[in-house]
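Below is one structure, written out as C-alpha cells; the observations come after it.
2 protein chains.
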Amino acid sequence: MAEKQMGSATFVLSTTPTILGWGNIGGKKEGEGPLGALFDHISNDSYFGETTWEKAESSMQRQALSVALDKAGQPASNLCALFGGDLMNQCIATSYAARSLNVPLFGVYGACSTMAESLALAAMTLDGGFGDFSAAVASSHFCTAERQYRTPLEYGGQRTPTAQWTATAAGAVVLAKDGPGPYVTHVTAGKVVDRGIKDANNMGAAMAPAAYDTISTHLSDTGRSPDFYDLIVTGDLGDLGARLLRELFARDNVELPRYNDCGLMLYDRKRQDVHCGGSGCGCSASVLTALLLNSVQRGELHHLLFCATGALHSPTALGQGESIPGICHAVAISDTP
Amino acid sequence: MAEKQMGSATFVLSTTPTILGWGNIGGKKEGEGPLGALFDHISNDSYFGETTWEKAESSMQRQALSVALDKAGQPASNLCALFGGDLMNQCIATSYAARSLNVPLFGVYGACSTMAESLALAAMTLDGGFGDFSAAVASSHFCTAERQYRTPLEYGGQRTPTAQWTATAAGAVVLAKDGPGPYVTHVTAGKVVDRGIKDANNMGAAMAPAAYDTISTHLSDTGRSPDFYDLIVTGDLGDLGARLLRELFARDNVELPRYNDCGLMLYDRKRQDVHCGGSGCGCSASVLTALLLNSVQRGELHHLLFCATGALHSPTALGQGESIPGICHAVAISDTP
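These protein sequence lines map, in sequence, to chains A and B. First residue of the first sequence: 10, per the working numbering; consecutive thereafter. First residue of the second sequence: 10, per the working numbering; consecutive thereafter.
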C-alpha cells in the first residue's frame, strides 16, 4: 500500500495543507437564518445584480472566491489549480465563474458533496507537491435548482414533508502548502452507495447510507472513534437523513456524541419554512466557510470531520425507474498540523 | 514555486506513473470507422443490451473499465480512486457505473475534455503518493447527447456543415505507481478560454482557442518545441477547429509538424456522414485507448501529447445569450519514464 494510503479509502495528507482564506455569500433566506450574521455577504436580490438566476449563481462563486483570495492575501494568479462545481446542468456556475480568472480549472461533479470533493482534491494537489496555493469553490441557488430538478417556480408545486430547501449560497476556500491552519489532515473518498430510494423529495434517506459508509470507513481506516472529533458534520442530510444516520450507527452500537448536519444549521426550521432542512452544494460550502472554519481557527473546534453528501441522480434517470445513488466525501480538519 | 510545478499551469509527475491497462467499447458507426478493428468491443445495438440509451452509456463505462482492469491484471478493489465523467446531465453514466464497484469515486466534469482531466487527476493522485493503482473513465453516446444538448432524434433536425458527430464510445485506463509504461510525465491543466462563439453547432471554433492556450502554455512551461512530440493530438476539434488551431499557431510562426485530432481519426469523413468529425468525451477516450496507447506501447510513438478539449456551455446558458467557454487539458505520455 502507498505511503499516504490508509485502509480502503482514506488518504493521509502528511504535509497538512493549510486553509488560508475562506469566503461566502448567501441569499435573503440564508441571511435571515441563524448563521446570517456570519456570512461575508448577503444579497436580498435573488439575481445578485445579474439578469438571470444562472448568471447570479456564477457571480456568487466569483464573489465567494474573491473574498477567500483577499483573506488569504493571494492573487488568483498564484493558484496552481481551482477545483469547483455546482448543481446546474453542465456545471455552468463554475465554468462561467472561472472564465475571467485565468486559473487552471478542474471541474468536479459530486452533487451536494462538491465542496468536500473540491476541498479534498485541492488539498491533495498541494500535498502531492504540485503547487503552493490551490482553491475550491461550490454553489447552489434555490431558483436554478428547483426549475432544473423539480418544477419551475411559477408552477407553485406543493413540497412534501421530507423535502429540503436548496440553499442560495456559495463558499470558497484558498489553501496553502504552509500556514497557520486550519490544517487538512485526512481525506476519506466516498464510494457510491444506493439503497434503492426513488423519491427525489427524500434525499436525506438516499444519502444517509453513503454518509454512514464514508464515516464508518474513515473511523475504521484511521482507528479513531467518534469521540476524537469535536464535531462530525454531514453535508445536508436534513432532519430525516440525520436521524437515519444515527440509527445506522446505533445498529453498530456506535453513538455520535457530537454530530450535526449543515442542513440543520443553516436555517431555523421553527421560523423558516424549509421542511427537513437545507440542501445544495452551497449549504455545506457556506456552513463550512461562515461558521466551522472560524470555530477551528478560534480553537473552539480542535478536530472537525466535514462530510458533504451528494445525491447522484438526475430527473432523467428517475424517470427511467432508477433509484438515487448517494456519495459522501469526508475531510478531516484540525487546528494542529 | 512547488517542486512539481513548472511555469503557470504544468505539473511534473516525477514518479512517472504507468498506464497499465486500457479498454474501450464503441457503437456500430465507430465499428465501421478506420479504428473499428482496434476496439475491444463493438456493439451494433445502440442500447448495449439495456432498455434506455442512458443506461446503455453507463453500461459502456462499466465494460470499458472492466477490460482495462483485466488487462492491468488488477481487481477494482485495488484502486485507490476512480476519476470519471460524461456529458449527461448530473454525470449519470459515471455515477451509475460506479455504483456496483465499491471504489472511491471522484466525479469530474470537463465536457469533452473529461478523459484528459480524469487521466491527469488519476496520475497526479499516484504521483502524490496516495495509492498504488487508480483509474479514469469517460464516455459519450450519440443518442443521449443529441436529445440533451440539441433536439430529440425523432425530430430529425438538419445538421449544419460545422456540426460534429458525438461518438458512441467509452474508454478507460488503469494506472499504476510502477510499471512498464506508457508513462505519464506531465500534466498541463486547462484554463477557461472564451472567444465569444455562440453557435452550439460550431464547437470546434469554440474550443480551438482553449487548445491553443493549453498547448502553447505546455510548450512554454516545459521549454519543448512541437518537434519534441511524435504526435500532438487534440480531443475533438474536428476539421474546422483543427484548421483554426493551426492558424492560431501560424500567427506565432509555430508549425505543428505532427498534429492530428481525435475527431478526425475516429471516422472516415469521406465515407461516414459526420460533417466536421467526431466529438464527445468518448471520442478522445476511445482514440486514446484503441489506437494511441497501443502505438506508444509498441514504440511507434515515443512522445505523445494528449490534449482533450471541452466546450463548457449548456443549452440554458446559450438560451440566455451566453457564449461558449472552452477548456483543454493536456497530458504528456512517453514510452520512457
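For every residue, glycine included, the Cβ atom is placed at its ideal position computed from N, Cα and C. Fair warning: this is a prediction, and the values are worked out from it, not measured in the lab.
Terminal residues of the beta strand (DSSP E) in which Cys-316 (chain B) lies: What you label residue 316 (chain B) is simply residue 307 of the second sequence in a count that begins at 1. For Cys-316 (chain B), the enclosing beta strand (DSSP E) starts and ends at 312–320.
Are Glu-287 (chain B) and Leu-249 (chain B) touching if we call contact CB-CB under 9 Å? Taking the second sequence and counting its residues from 1, one reaches residue 287 (chain B) at position 278. Taking the second sequence and counting its residues from 1, one reaches residue 249 (chain B) at position 240. The question names Glu, but residue 287 (chain B) is Gly in the sequence shown. Against a cut-off of 9 Å, the Cβ pair of Leu-249 (chain B) and Gly-287 (chain B) comes out as no contact.
Could you tell me which chain B residues have their CB closer than 7 Å to the CB of Phe-151 (chain A), listed as they occur along the chain? By one-based count along the first sequence, residue 151 (chain A) stands at place 142. Chain B residues near Phe-151 (chain A): none, gap ~16 Å exceeds 7 Å.
Less than 8 Å between the CB atoms is what I'm expecting for Cys-89 (chain B) and Gly-140 (chain B), so what's the real figure, rounded? Residue numbering aside, residue 89 (chain B) sits at position 80 when the second sequence is read from its first letter. Residue numbering aside, residue 140 (chain B) sits at position 131 when the second sequence is read from its first letter. About 2 Å separates the Cβ atoms of Cys-89 (chain B) and Gly-140 (chain B), confirming a contact at the 8 Å cut-off.
Could you spell out the range, first to last residue, of the alpha helix (DSSP H) harbouring Val-305 (chain B)? Within the second sequence, the letter at position 296 stands for residue 305 (chain B). 302–306 is the extent of the alpha helix (DSSP H) around Val-305 (chain B).
Do Gly-119 (chain B) and His-322 (chain B) have their C-beta atoms within less than 9 Å of each other? Indexing the second sequence from 1 puts residue 119 (chain B) at position 110. Indexing the second sequence from 1 puts residue 322 (chain B) at position 313. It is not a contact, given that the beta carbons lie outside the stated cut-off.
Kindly indicate which residue of A:Trp-174, A:Asn-303 and A:Gly-58 has the alpha-carbon position closest to the one of Cys-285 (chain A). As a working note, residue 285 (chain A) is residue 276 in the first sequence. When only C-alpha atoms are compared, the closest one is A:Trp-174.
How big is the Cα-Cα spacing for Ala-219 (chain A) and Asn-269 (chain B)? Against the first sequence, residue 219 (chain A) aligns to sequence position 210. Against the second sequence, residue 269 (chain B) aligns to sequence position 260. Looking at the two C-alpha atoms, the distance is approximately 43 Å.
What residues from chain B crowd round Cys-100 (chain A), counting only those whose CB sits closer than 7 Å? Locating residue 100 (chain A) in the first sequence gives position 91, counting from the first residue. Those within 7 Å of Cys-100 (chain A) in chain B are Tyr-118.
Throw me the rounded Cβ distance for the Ile-336 (chain B) and Gly-199 (chain B) pair, which I believe falls under 8 Å. As a working note, residue 336 (chain B) is residue 327 in the second sequence. As a working note, residue 199 (chain B) is residue 190 in the second sequence. 4 Å between Cβ atoms; contact.
For chain A, check one thing: does any of its Cβ atoms lie closer than 9 Å to the Cβ of Pro-191 (chain B)? The residue you call residue 191 (chain B) lines up with position 182 of the second sequence. Closer than 9 Å: no.
Which chain B residues sit within Cβ distance under 8 Å of Asn-111 (chain A)? Here residue 111 (chain A) refers to the residue found at position 102 when the first sequence is read from its first residue. Near Asn-111 (chain A) (Cβ distances below 8 Å), the residues of chain B are Lys-200.
Output, in chain order, the set of chain A residues within a Cβ distance shorter than 7 Å of Ala-18 (chain B). Position 9 of the second sequence, counted from the first residue, corresponds to residue 18 (chain B). Going along chain A in sequence order, the residues near Ala-18 (chain B) (Cβ under 7 Å) are Pro-113.
Cutoff 6 Å; reference Leu-310 (chain B); Cβ partners in own chain excluding five residues on either side: For the purposes of this step, residue 310 (chain B) is identified with residue 301 of the second sequence, where counting begins at 1. Once the five neighbours on either side are set aside, the close Cβ partners of Leu-310 (chain B) are Asp-239, Leu-240 and Ser-304.
Say whether the region 78–86 of chain B touches the region 176–192 of chain A, bearing in mind that this needs 3 or more beta-carbon pairs closer than 8 Å, one atom from each stretch. The region 78–86 of chain B makes no contact with the region 176–192 of chain A, as fewer than three CB pairs between them are under 8 Å.
Mind checking the region 194–223 of chain B against chain A and listing, in chain order, the residues whose C-beta falls within less than 7 Å of any C-beta there? Residues passing the 7 Å Cβ filter: Ala-198, Gly-199, Lys-200, Val-201 and Asp-203.
Look up Cys-337 (chain A) in the DSSP assignment and say whether it is helix, strand or coil. Reading the first sequence from its first residue, position 328 is the one you call residue 337 (chain A). Strand at Cys-337 (chain A).
Runs of 4 residues minimum, wholly inside the region 149–226 of chain B: which ones carry the alpha helix (DSSP H) assignment? Entirely contained in the region 149–226 of chain B, the alpha helix (DSSP H) runs reaching 4 residues are, in chain order, 151–158.
Local Cβ density within 10 Å of Gln-14 (chain A), reported as buried at 16 or more and exposed below that: Here the question's residue 14 (chain A) lines up with position 5 in the first sequence. Per the 10 Å Cβ criterion, buried.
Out of A:Gly-137, A:Ala-154, A:Ala-18 and A:Leu-257, which has the shortest C-alpha to C-alpha gap to Cys-290 (chain A)? The residue you call residue 290 (chain A) lines up with position 281 of the first sequence. The residue among A:Gly-137, A:Ala-154, A:Ala-18 and A:Leu-257 with its C-alpha nearest the C-alpha of Cys-290 (chain A) is A:Ala-154.
Along chain B, which residues have their Cβ under 8 Å away from the Cβ of Glu-66 (chain A)? Working through the first sequence from its first residue, we reach residue 66 (chain A) at position 57. Result: empty, since nearest Cβ-Cβ is about 11 Å, beyond 8 Å.
May I have the straight-line CA-CA distance separating Ala-215 (chain B) from Lys-279 (chain A), to the nearest angstrom? Here residue 215 (chain B) corresponds to residue number 206 of the second sequence, with the count starting at 1. Here residue 279 (chain A) corresponds to residue number 270 of the first sequence, with the count starting at 1. A direct Cα-Cα distance of roughly 49 Å separates Ala-215 (chain B) from Lys-279 (chain A).
May I ask you to list, following chain order, the residues of the region 126–137 of chain A that have a beta carbon less than 9 Å from some beta carbon of chain B? Taking 9 Å as the Cβ-Cβ cut-off, the region 126–137 of chain A approaches chain B at Glu-126, Ala-129, Leu-130, Met-133, Thr-134, Leu-135, Asp-136 and Gly-137, given in chain order.
Please state whether DSSP places Met-15 (chain A) in a helix, a strand or coil. For the purposes of this step, residue 15 (chain A) is taken as residue 6 along the first sequence, with counting starting at 1. For Met-15 (chain A), the secondary structure class from DSSP, reduced to helix, strand or coil, is strand.
At 3 residues or longer, what runs of the beta strand (DSSP E) sit wholly inside the region 268–297 of chain B? 268–270, all fully within the region 268–297 of chain B.
Within this structure, are the beta carbons of Glu-66 (chain A) and Asp-95 (chain A) separated by less than 9 Å? Translated into positions along the first sequence, residue 66 (chain A) becomes position 57. Translated into positions along the first sequence, residue 95 (chain A) becomes position 86. Closer than 9 Å, so yes.
DSSP state of Val-263 (chain B) mapped onto helix, strand, coil: By 1-based counting over the second sequence, the position of residue 263 (chain B) is 254. Val-263 (chain B) falls in the coil class under three-state DSSP.
I need the DSSP call for Ser-343 (chain A), collapsed to helix, strand or coil. Here residue 343 (chain A) corresponds to residue number 334 of the first sequence, with the count starting at 1. DSSP, read as helix, strand or coil, puts Ser-343 (chain A) in strand.
Flag this pair as yes or no: are the beta carbons of Ser-55 (chain B) and Cys-152 (chain B) separated by less than 9 Å? To locate residue 55 (chain B), count along the second sequence from 1; it is residue 46. To locate residue 152 (chain B), count along the second sequence from 1; it is residue 143. In this structure, Cys-152 (chain B) lies closer than 9 Å to Ser-55 (chain B) by Cβ.
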